[in-house]
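Visitor: Here the numbering used here is used: the first residue of the sequence shown is 2, the next is one more, and so on.
Have a look at this one before I ask anything.
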Amino acid sequence: MAADVYEDSLFGQILPLDWDNDTVSGVVLLVDGEEEFIVEPDENGESLIEYIDRWVTAEGIVVENEDELRIKVRNYTLEDEIDYDTDEDW
């Protein structure tokens, strides 16, 4: 079966994919609490390891085949950033 390839913007939570001893060796983007997109381990993908459990909007190339969903992240925005200077609840 051929893979579907398209550009998309996905909102979700960054979660660990694999552990190597005590370090994370890959991440997934959990969308809608059910779909896991494996993040390609390029420069942008590797930088998302720092944001495990955070919510992001990731823009990039999505590849869907019958076995897995993958995203090659071109850029991302942290969506749960707290601005302590302007946040009145703080």
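By construction, the Cβ of each residue, glycine as well, lies at the ideal position given by its N, Cα and C atoms.
Cβ of Ile-62 within 7 Å of Cβ of Phe-38?
Guide: The sequence position of residue 62 within the sequence shown is 61, counting from 1. The sequence position of residue 38 within the sequence shown is 37, counting from 1. Not closer than 7 Å, so no.
Visitor: Applying the criterion that 16 or more other CB atoms from any shown protein chain within 10 Å of the CB defines a buried residue, is Ile-53 buried or exposed?
Guide: Working through the sequence shown from its first residue, we reach residue 53 at position 52. Per the 10 Å Cβ criterion, exposed.
Visitor: Which of the three DSSP states, helix, strand or coil, is assigned to Ile-53?
Guide: In the sequence shown, residue 53 corresponds to position 52, counting from 1. Residue state, collapsed to three classes: coil.
Visitor: Confirm, please, whether the CB-CB distance from Leu-11 to Val-32 is below 7 Å.
Guide: Translated into positions along the sequence shown, residue 32 becomes position 31. Translated into positions along the sequence shown, residue 11 becomes position 10. A contact, by the Cβ cut-off of 7 Å.
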